[in-house]
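Student: Once you've had a glance at the structure underneath, I'll fire off some questions.
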Amino acid sequence: MHIKDVKSKDIIKFIETFAPPELAIEGDNIGLQVGGNLNRDIEKIGIALDPSLSVVKKAKNKGVDFLFTHHPILKDPIRTFTGVMYEKLKILMENEIILYSAHTNLDICKNGLNDALADLYHLKDVKYLYDNGLGRLGIFNGTFEDILNITKEYITKNPTVVNAEIVNNKNNNSKNNNKKDLKVAILSGYGLSQKSINYVSKFADVYISGDLTHHSKILAEELGLCVIDGGHYGTEVYGLKLFKKYIEDYLNVELISLDF
Ligand SMILES: [Fe+2]
1 MHIKDVKSKD IIKFIETFAP PELAIEGDNI GLQVGGNLNR DIEKIGIALD PSLSVVKKAK
61 NKGVDFLFTH HPILKDPIRT FTGVMYEKLK ILMENEIILY SAHTNLDICK NGLNDALADL
121 YHLKDVKYLY DNGLGRLGIF NGTFEDILNI TKEYITKNPT VVNAEIVNNK NNNSKNNNKK
181 DLKVAILSGY GLSQKSINYV SKFADVYISG DLTHHSKILA EELGLCVIDG GHYGTEVYGL
241 KLFKKYIEDY LNVELISLDF
């Protein structure tokens with residue numbers, strides 16, 4: 001694969017047009033993560049959910065010189081560059097691999113990771129779940145079983161489900177062949193915090209997201225909110241695959257998937 005006359009700054013320009021940096025939530029560590037010369041020609045572009053050590057090693061082995069990841073390399077402040085972080089930076093720098101991330105701006109933007117999920121479930125009357133643009137809330141016309149089947153086919157084979165019977169009962173009480181308009185909330189990645197479950201329980205019938213913990217599961221049970229945990233990975237990689245396609249179509253080149 002060789003991309004004719006494509007430079008890092010051209011790729012970044014496309015990403016930032018698609019997922020404008022100003023959409024990111026405050027404090028999110030987006031944009032250029034590691035890199036120097038953005039004028040160098042790029043031959044191979046890699047894409048991954050996480051800039052993990054194994055992804056960075058694969059990027060090196062496959063000759064990637066521009067690596068896009070959804071999650072940034074640093075979330076919490078660190079004070080030293082030792083251990084795994086040292087190893088990652090060493091590989092990236094020695095091989096002059098540019099690392100660039102679009103995180104919450106890619107979750108929020110049009111056709112981003114949350115819109116991808118709203119489209120997957122064919123939600124109607126879609127609104128933002130949160131005022132900052134994160135998540136989506138819409139109407140699903142169908143049964144709970146239909147929602148579960150879509151989840152199993154496209155998000156994860158084994159979703160964790162809480163309070164399915166509550167939604168099933170609603171379906172059974174409706175006249176229309178078990179079909180009913182269900183209010184469905186979706187949030188890609190980590191959405192199953194106690195705070196978010198508490199908020200969503202006030203207006204949604206079903207909440208699809210990732211990273212359910214023991215305590216958030218108990219809370220969902222207590223509040224009677226039906227939750228589907230499709231996993232952080234599953235709920236983000238679905239839209240990331242579509243984003244990969246957008247970049248490929250734009251640059252007319254194939255991207256190398258490194259962790260999905
Ligand atoms: Fe995430």
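Numbering (UniProt numbering), first residue to last: 1 to 260.
Each residue gets a CB set at the ideal place from its N, CA and C atoms; glycine is no exception.
Since A185 is in the beta strand (DSSP E), which residue starts that stretch and which ends it?
Tutor: As a working note, residue 185 is residue 185 in the sequence shown. A185 -> beta strand (DSSP E) spans K180 to Y190.
Student: What three-state label does DSSP hand S216 in the structure shown?
Tutor: Indexing the sequence shown from 1 puts residue 216 at position 216. Note: S216 maps to helix in three-state DSSP.
Student: Run through DSSP, which three-state label would I247 get?
Tutor: Taking the first residue of the sequence shown as position 1, residue 247 is located at position 247. Looking at I247 - three-state DSSP - the assignment turns out to be helix.
Student: Say yes only if the C-beta of E236 is nearer than 6 Å to one or more non-hydrogen atoms of ligand 1, and no if none qualify.
Tutor: Sequence index remark: in the sequence shown, residue 236 carries index 236 (1-based). Checking the Cβ of E236 against ligand 1 gives yes.
Student: What's the call for N163, buried or exposed, on a 16-neighbour Cβ count within 10 Å?
Tutor: Within the sequence shown, numbered from 1, the residue matching residue 163 stands at position 163. It counts as buried.
Student: When you compare the region 53-64 with the region 17-25, are there three or more beta-carbon pairs, one atom per stretch, that lie closer than 8 Å?
Tutor: Taking 8 Å as the limit for Cβ pairs, the verdict is that the region 17-25 does not touch the region 53-64.
Student: Consult DSSP for L67 and reduce its assignment to one of helix, strand or coil.
Tutor: Position 67 of the sequence shown holds residue 67. Here L67 sits in strand by DSSP.
Student: Determine, using beta-carbon pairs with one atom in the region 230-243 and one in the region 180-193, whether at least three such pairs fall under 8 Å.
Tutor: Flag = yes, the region 230-243 and the region 180-193 touch.
Student: Have a look at the DSSP bridge pairing and note the partners of F41.
Tutor: By 1-based counting over the sequence shown, the position of residue 41 is 41. Going by the sequence as given, residue 41 is Asp instead of Phe. DSSP lists K7 as partners of D41.
Student: From D131 to E94, what does the alpha carbon distance come to, in whole angstroms?
Tutor: The count along the sequence shown starts at 1 and reaches residue 131 at position 131. The count along the sequence shown starts at 1 and reaches residue 94 at position 94. About 42 Å.
Student: Between L74 and G35, what straight-line distance do the alpha-carbon atoms span, to the nearest angstrom?
Tutor: Looking up residue 74 in the sequence shown gives position 74. Looking up residue 35 in the sequence shown gives position 35. Roughly 14 Å between the two C-alpha positions.
Student: Taking the alpha carbon of T104 as the point to measure from, which residue in N169, T80 and G133 has its own alpha carbon closest?
Tutor: On the sequence shown, position 104 is the one that residue 104 refers to. Among N169, T80 and G133, the Cα nearest to that of T104 belongs to G133.
Student: What's the C-alpha gap between I15 and N198?
Tutor: The residue labelled residue 15 in the question sits at position 15 within the sequence shown. The residue labelled residue 198 in the question sits at position 198 within the sequence shown. Cα to Cα, I15 sits roughly 34 Å from N198.
Student: Should G189 be counted as a contact of ligand 1 given a C-beta to heavy atom distance under 6 Å?
Tutor: As a working note, residue 189 is residue 189 in the sequence shown. Indeed, a heavy atom of ligand 1 lies less than 6 Å from the Cβ.
Student: Compare the beta carbon distance of T69 and S101 with 7 Å and say whether it is the shorter of the two.
Tutor: For the purposes of this step, residue 69 is identified with residue 69 of the sequence shown, where counting begins at 1. For the purposes of this step, residue 101 is identified with residue 101 of the sequence shown, where counting begins at 1. Yes; because the gap between Cβ atoms is below 7 Å, this pair is in contact.
Student: Can you tell me which of L89, L67 and K183 puts its alpha carbon nearest to the alpha carbon of Y128?
Tutor: In the sequence shown, the residue the question calls residue 128 occupies position 128. Minimum Cα distance to Y128 is reached at K183.
Student: Extract the residue ranges of the beta strand (DSSP E) inside the region 111-163, only unbroken runs of 3 or more that lie entirely within it.
Tutor: Complete beta strand (DSSP E) runs here, min 3: 124-128, 136-142 and 160-162.
Student: Rounding to the nearest angstrom, what Cα-Cα distance links N29 and C109 in this structure?
Tutor: In the sequence shown, the residue the question calls residue 29 occupies position 29. In the sequence shown, the residue the question calls residue 109 occupies position 109. About 16 Å.
Student: Out of T160, D76 and E145, point me to the one whose CA is closest to N169's CA.
Tutor: One-based indexing of the sequence shown puts residue 169 at position 169. Closest option to N169, Cα to Cα, is E145.
Student: Would you kindly report the start and end of the unbroken beta strand (DSSP E) that includes G31?
Tutor: Along the sequence shown, read from residue 1 onward, the residue named residue 31 stands at position 31. Unbroken beta strand (DSSP E) run through G31: G31 to V34.
Student: Going by Cα to Cα distance, which pick from E165, V237 and F260 is closest to N115?
Tutor: For the purposes of this step, residue 115 is taken as the residue at position 115 of the sequence shown. Inspection of the sequence shows that residue 115 is occupied by Asp rather than by Asn. Ranking E165, V237 and F260 by Cα distance to D115 puts V237 first.
Student: Count the other CB atoms within 10 Å of the CB of F243; is the residue buried (16 or more) or exposed (fewer)?
Tutor: By one-based count along the sequence shown, residue 243 stands at place 243. Looking at its Cβ environment, which holds 16 or more other Cβ atoms inside 10 Å, F243 is buried.
Student: Go ahead and pull the three-state DSSP assignment for V167.
Tutor: Here residue 167 refers to the residue found at position 167 when the sequence shown is read from its first residue. V167: helix per DSSP, three-state reduction.
Student: Using CA atoms only, rank isn't needed, just tell me which of S52, L49 and I98 is closest to I42.
Tutor: Mapped onto the sequence shown, residue 42 falls at position 42. It is I98 whose Cα lies nearest to the Cα of I42.
Student: Take the Cβ of I47 as the centre, count every other Cβ of all protein chains shown within 10 Å, and call the residue buried at 16 or more, exposed below.
Tutor: The residue you call residue 47 lines up with position 47 of the sequence shown. Burial call: buried.
Student: Just to confirm, is the Cβ distance from L49 to D259 under 7 Å?
Tutor: Translated into the one-based positions of the sequence shown, residue 49 becomes position 49. Translated into the one-based positions of the sequence shown, residue 259 becomes position 259. In contact: L49 and D259 (Cβ atoms closer than 7 Å).
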